[in-house]
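See below for the structure under consideration.
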Amino acid sequence: MLAALFIMPITLFAQNITVIYDKNSQYQTNFLELISKHFLPSEKVNLSTLTTDSLDVEKLKNKLLDIIINLNNATTQQLIESKINTTTFHALTTLSRARGFVSCLPNCIEKQSKQYFFVLDQPPARQLNLIRLVSPSFKNIGVIVTNQSKNQLTELKKLATYKKLTINGHITRSKTVRYQIDDLSKYSDVILAIADTDLYNAATLPQILLTSYRYKTPIIGFSKGFIRAGAIVGAVSSIEQLAQHLAEAISSISNINQPFGTSIIYPKYFRVISNRNVAKSLNMHLPNDHELQNQLMNYESTQ
Amino acid sequence: MRSCFFFDTDIPVVLSATRLAQPQTEAPASITVIDRALIEASGATEVAELFRLVPGMQVGNARGNFPVVAYQGLTSEFSQGVQVIIDGSSVYSPIFGGVIWSTLPVLLEDIERIEVVRGPNNTSFGANAFQGVINITTIHASQTPRLTTKFQLDNNQAERAFFRFANSPSNNRLNYRISIASEKNEGYKKLADDFSKLELTSRIDFRFDTHNTLQFNFSALDSIRQTRNPLATPIPLDPKRDRNESMQFAQIIWEHQKSDAEQFSVHLSFHHFDGKDKYNVASNEIDLTTESTTWNIDIEHILTFSPSQRLMLGAGAVHESVYAPFRINSTHTHINNRLRLFGNLESYLTDKLILNIGGLIEHDQLSGVNTSPRITFSYLTSPEHAYRLTATKAYRTPVSTEEEREIVIPSIGIVQTPAGNLKPETVASIEVGYHGVYLLNKLNTDLKLFQNRYEKLINNNLSSSPKVLDNQYSARTYGTELELNYRPDRNNLVHIGYAYTTVDHTADDRIKKSIPRHNLNLLFSHQYNNGWHNGIEYYYMSEMQYLGGQNDPQSPFQRLDISVGKLFKLSNNQTIDISLETQLALNKNIDLHQQATADNLIYLGVEYRVD
């Protein structure tokens with residue numbers, strides 16, 4: 011009887027979940043509201059919140075929690091170093107940041123069995139499929155990474171070989187990205203922007219977008235703002251979609267001690283956004299956003 | 008980490024409507040795009056030379072130091088029918104009309120892209136976009152390498168030095184570049200046309216916030232241009248002498264991106280030209296000084312109602328002052344003010360049929376109210392193939408030195424009097440065009456058939472004495488233009504342009520001769536992966552004779568340019584490019600005057616860049 015209790019899905023009992031967030035961050039607050047809505051009204055979840063300014067990790071370790079959801083990047087290092095034994099989901103972070111905290115990711119689920127990262131990056135397969143849909147003639151894909159995000163280059167190259175594409179990768183620092191973008195634009199059919207805000211941010215975007223446009227090399231962006239600024243298209247997950255995914259993932263956990271087979275969880279829900287003005291100016295004629303999204307989803311459902 | 012970057016849409020739009028090249032399949036006219044790759048492949052040593060790549064354009068040098076750029080003929084050395092815009096502001100001269108190419112306020116190395124609209128286009132580019140428009144976009148200050156130096160010399164003792172510095176203080180909201188160029192040239196051997204020039208240009212780009220950007224351009228130039236009547240027999244009243252010319256140009260552009268669908272821009276520009284040329288002949292003082300100042304303000308509003316409808320509305324005002332004592336027989340400064348309203352609506356009537364309709368209405372103090380309508384239907388059989396039918400009417404307003412011309416030569420008397428009621432020259436144009444994109448965007452083709460009916464062309468060739476300028480000429484021209492641009496990969500570029508233009512047989516003989524029948528350009532450029540690069544270009548133009556009393560008939564122009572060079576990468580951020588170019592004048596080409604015979608030239612250039 012007791013054994014049966016342990017193997018029954020945890021969802022039969024109420025889950026105690028704490029969300030750590032920065033109350034001064036608008037998007038973290040919005041995310042919290044969204045996941046709260048997903049869990050309420052539910053007797054299966056006891057949701058509490060903890061702001062970063064009142065966080066005491068030692069006290070947290072002593073609390074009886076099933077799941078911690080951490081929305082704040084600055085808190086991630088603290089939680090990992092504390093070796094907290096509660097299953098922790100770090101959301102609203104990127105793969106490069108996650109690797110900054112846990113360098114062996116994603117292949118170290120045994121070493122970091124309690125830490126899971128719901129990243130903002132789109133899965134590499136989705137990005138390469140999008141590139142093929144945008145133009146079958148794009149064979150040389152330019153990618154710039156930093157030391158922190160360079161493992162992504164390896165994964166992309168493996169996947170690209172399988173899809174008969176070539177990744178033209180460069181490792182650089184944020185201060186020297188302007189030198190690389192010129193060469194990359196010249197020798198690539200398209201540039202795939204990795205979700206690394208050390209490289210792609212409001213300060214560096216003008217030079218990156220203007221240079222790539224000069225060489226008529228489109229950029230695949232990773233956020234709505236980036237695409238609006240001048241990237242040609244991208245698969246993007248909104249805060250609502252990310253919250254939905256996280257809530258669903260939690261609701262369907264069967265083993266709280268090992269909820270997923272991998273430490274990195276890519277967004278499940280996404281939409282495709284394009285910049286038609288830039289596309290037309292480059293003589294590119296894309297299917298409409300909805301069509302691109304449906305085709306991507308078809309690819310994923312058959313893989 | 009800047010997580011907000013993922014969700015914050017309040018990021019500045021970099022590739023805004025004004026920074027994007029117009030999609031050629033949807034443009035209401037044939038457009039030749041000369042981008043940075045084509046500029047470098049051409050090996051051009053000055054801006055005017057680039058236009059040999061445009062079908063239908065004529066490029067010459069009235070004396071070695073006065074470039075002429077014209078489209079479809081009908082011009083003297085002052086090509087009045089071509090409007091030139093730099094970053095949205097006109098640099099058209101109110102003195103003689105046209106653009107003074109020797110004092111253009113932009114350097115070749117600072118040009119990002121040139122879009123040449125081949126055909127009348129008052130609606131989008133204002134008055135005097137009569138035959139064509141040259142729209143120059145300069146390089147954004149953030150895109151410039153930190154340091155660039157370039158030296159060039161040729162076997163005709165011409166020398167040019169260029170230096171540019173660029174910087175972006177820490178937060179990248181402010182970017183600036185400063186360029187300086189110094190040039191000396193001895194021009195044609197048999198003409199007195201030596202010149203030396205020093206030019207400074209600068210650009211500052213400042214981003215206030217995510218919705219507002221400010222651009223400031225400033226240029227200044229000082230030159231000494233030797234001149235003398237180019238005829239073989241010297242004319243005492245036009246002796247060999249130096250003419251000191253200076254130019255200052257400044258413009259401020261404010262762009263406000265209100266939303267993805269709405270943009271405002273305000274352009275304010277100032278352009279001053281001063282050409283000092285005063286001398287004595289047999290105790291008579293001749294003052295050929297010319298000076299002009301132009302203030303120009305334009306406000307533009309672009310509204311995208313939906314993916315299938317876009318509206319542009321604008322208003323502008325121009326204040327011009329001209330001082331040309333010899334041409335107008337007056338030491339007073341003549342003023343002209345112009346006010347204009349313009350607009351254009353682009354609308355997809357169906358998913359394949361686009362209507363482009365627009366117009367300009369302008370009041371000019373000299374010539375009254377003029378209107379210029381344009382309508383274009385474009386039919387896209389597919390996104391890559393478009394057929395176009397355009398009808399437009401455009402005009403060129405007479406300038407002060409035409410409207411009020413009175414030339415008095417000492418000891419001879421009045422040789423030219425004003426007409427007093429010169430009307431604007433007009434053109435009614437019909438054009439059928441095709442633009443196609445093939446081979447996955449690697450091959451662009453453009454074909455145009457046109458008919459232009461010119462009326463009230465101002466005649467400056469009358470044999471009567473004194474001469475009276477009048478709207479006496481008319482002409483009907485027909486023709487075709489073809490352009491191919493093939494870029495199979497980054498290392499190869501092929502560009503071909505051909506124009507055939509003919510004139511109705513009833514036109515005046517001089518008018519017929521001013522339009523070359525055939526115009527051909529061929530360019531092939533290749534870059535090797537080890538840094539070597541080479542190119543070959545061929546230019547051909549049929550015989551012609553520019554209008555104007557002192558311009559001689561020209562035999563067909565043929566030139567073969569061959570270039571070779573190597574780019575050395577000294578480190579990640581330092582390069583040196585050494586290049587050698589030869590220009591072979593295959594036909595002993597004559598440029599406007601019999602005395603101006605082109606020699607074969609060999610250029611050696613060295614360019615050093617640091618990022």
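Those sequence lines, one after another, are chains A and B. Position 250, counted from 1, in the first sequence is what the working numbering calls 260; the numbers after and before it change by one each time, with no gaps. Position 463, counted from 1, in the second sequence is what the working numbering calls 470; the numbers after and before it change by one each time, with no gaps. We put the CB at the ideal spot given by N, CA and C, even for glycine. Since this is a predicted model, take the numbers as computed values, not measurements.
Collapsing the DSSP output to three states places R497(B) in coil.
It is roughly 24 Å from the alpha-carbon of Q31(B) to the alpha-carbon of Y197(A). Among the residues of the stretch 443-456 of chain B, those with a Cβ less than 7 Å away from any Cβ of chain A are V444, L447, N448, in the order of the chain.
Listed along chain A is no residue with a C-beta nearer than 7 Å to that of L577(B); the closest approach is about 13 Å. In the three-state reduction of the DSSP assignment, V187(A) falls in the helix class.
The distance from the Cβ of I107(B) to that of V140(B) is about 17 Å, inconsistent with a contact at the 8 Å cut-off. Shown here, E488(B) sits in a strand according to DSSP, grouped into three states. Against chain B, the beta carbon of A239(A) has neighbours under 9 Å at I18, P19, V20, V21, L22, listed in chain order. Boundaries of the beta strand (DSSP E) harbouring K573(B): 564-578, taken from the DSSP string. The alpha-carbon separation between T104(A) and S64(A) amounts to approximately 25 Å.
With a threshold of 16 other beta carbon atoms within 10 Å, Y225(A) meets it and is buried.
Comparing alpha carbon positions, the residue from I293(B), G542(B), H278(B) closest to P243(B) is I293(B). Taking C-beta separations shorter than 8 Å and ignoring five residues to either side along the sequence, the partners of T97(A) in its chain run D76, I77, I78, K124, Y126, I266, N267, P269, following chain order. If you draw a straight line from the Cα of I260(B) to the Cα of S299(B), it comes to about 22 Å.
Secondary-structure assignment with DSSP links P74(B) through a beta bridge to N68(B). Every unbroken stretch of the beta strand (DSSP E) spanning 3 or more residues and falling wholly within the stretch 99-157 of chain B is given here in chain order: 118-125, 139-145. In the three-state reduction of the DSSP assignment, N466(B) falls in the strand class, which pools E and B.
DSSP, read as helix, strand or coil, puts D516(B) in helix. Between I249(A) and chain B, the shortest Cβ-Cβ separation is below 8 Å.
Per the C-alpha coordinates, the member of I522(B), Y615(B), Y545(B) positioned closest to L577(B) is Y615(B). For the pair E122(B) and A227(B), the CB atoms are not nearer than the 8 Å cut-off. Beta-bridge pairing by DSSP links V273(B) to W261(B), I306(B).
Separation of R171(B) and L163(A) (C-alpha to C-alpha, rounded to the nearest whole angstrom) is 36 Å.
For E310(A), the closest alpha carbon among the candidates S145(A), L140(A), V246(A), S147(A) is that of L140(A). Comparing alpha carbon positions, the residue from D117(B), Q79(B), D305(B), N580(B) closest to G126(B) is Q79(B). Residue pairing of H392(B) in beta bridges, as defined by DSSP: S389(B), G443(B).
Around the beta carbon of V376(B), fewer than 16 other beta carbons lie within 10 angstroms, which makes this residue exposed. Chain B has a Cβ within less than 8 Å of the Cβ of R224(A).
What R286(A) touches in chain B, judged by beta-carbon distance under 8 Å, is P314, going in chain order.
Residue contact check for L27(B) against chain A: a CB pair falls below 8 Å.
Beta-bridge partners assigned by DSSP to T234(B): R248(B). Secondary structure at N343(B): strand, using DSSP grouped into helix, strand and coil. Neighbours of L209(A) across chain B, judged by C-beta separation under 9 Å, do not exist; the nearest C-beta is about 11 Å away. Assignment of A84(A) by DSSP, reduced to helix, strand and coil, places it in the helix class. At a cut-off of 8 Å between beta-carbon atoms, P133(A) makes no contact with chain B. In the DSSP assignment, P380(B) forms a beta bridge with G366(B).
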